[in-house]
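As structure tokens, the structure follows; a few thoughts come after it.
Chains as they are written, first to last, in our numbering: chain A, 219 to 317; chain B, 203 to 464.
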């Protein structure tokens, strides 16, 4: 059961980070910090997308992925999540089959 | 002037400030979380398969899902434990990958400050990317605390109910799923689907651009740290160009971010 205890510990670490400020009940935040927190959303999502272009440890990723993600960005400007998922996966499969 | 977010109809589920029947909130939450839930299904299948194929005992492998409540961290933890890594290495890896959870905590703390204590202890457990995205676009500063927490819990229940079930399904289905399908690619696609509507103002564009550049510039960092650095840099840069008065938590108080899905 050593493995289980590792997962439990990892879960607690994760929870602690997510709970930190919320459980502390931080109510108001200095205006400058608040202004930054307001923009966490576009920043983190863009960072997640950018990270998808990188392989592990910063190596460049499969060009098929890059093109398929580009297709996804274009579709996302016009349509919703399901369309983006469908278009992106189809693009990936087509490019991988052809390339 | 570049058009940032596309001109799309406002959210499809009607949004009534502090009013709103219990059923109405529930329906709105389900509709809003549904496309994101669909998006995580392929990833959950992939992780379920990985858990089954690792040396970790079946039930414990699945249990790592509910324990970690996060896909990338679970995958990393499974790999490391499978390789016999020391607990310290696993904890560091998980902490790094899930570090953005602390940013979500800081961003949502003012929003959740009015919530009862039990909710403030429960909500962070499921505070993942999709939950942060959906609660910031699906609720607004005019919503009563009851509405916000009901919305959050219903969305979370759907997302994680499906997530945990699919983890199990992946473990059972196992290597039936061809690797060539690259189901894991659904995750970055989901990020794109969430990111594009979020870039709906000049400060947001600044945030996204700076964050993206920092990710590439700091690609040598472990991905979780690079992500945090990029997010902080992007948010700070956006704060510098944002002229609007401070309004806690939600997207500058606007709340509405485009359709819940199509």
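We put the CB at the ideal spot given by N, CA and C, even for glycine.
Item, Value
"Neighbour-count burial assignment, residue 264 (chain B), 16 or more Cβ in a 10 Å radius", "buried"
"Inter-stretch contact (C-beta, 8 Å, three-pair minimum) for the region 281-297 of chain B and the region 317-333 of chain B", "no"
"Closer than 8 Å at the beta carbon, the chain A residues around residue 343 (chain B)", "Residues of chain A passing the Cβ test: none, with the nearest at roughly 12 Å."
"is_contact[residue 229 (chain A), chain B] using C-beta, thresh 7 Å", "yes"
"Nearest candidate by alpha-carbon position, reference residue 257 (chain B), set B:279, B:246 and B:240", "B:279"
"Where the region 323-354 of chain B meets chain A: residues whose CB sits under 8 Å from a CB there", "323, 325, 326, 327, 329, 331, 334, 335 and 338"
"Test: residue 204 (chain B) CB closer than 7 Å to a CB of chain A", "At residue 204 (chain B) the pLDDT is 48, less than 50, meaning the model places this residue with poor confidence; the figure from the coordinates comes in the next sentence. Chain A contact via Cβ: absent."
"Cβ-Cβ separation, residue 258 (chain A) to residue 239 (chain B) (assumed contact under 8 Å), whole Å", "Wrong, their Cβ atoms sit about 22 Å apart, outside the cutoff."
"Cβ pair residue 428 (chain B), residue 417 (chain B) closer than 7 Å", "yes"
"Residue environment, residue 403 (chain B), which counts as buried when at least 16 other CB atoms sit within 10 Å", "buried"
"Contact list for the region 283-301 of chain A against chain B, Cβ threshold 9 Å", "283, 286, 287, 290, 291, 293, 294, 295, 296, 297, 298, 299, 300 and 301"
"Contact set between residue 244 (chain A) and chain B, taken where Cβ atoms lie within less than 7 Å", "311, 312 and 315"
"Distance between residue 283 (chain B) and residue 274 (chain B) (C-alpha atoms, nearest Å)", "14 Å"
"Cβ of residue 404 (chain B) within 7 Å of any chain A Cβ", "no"
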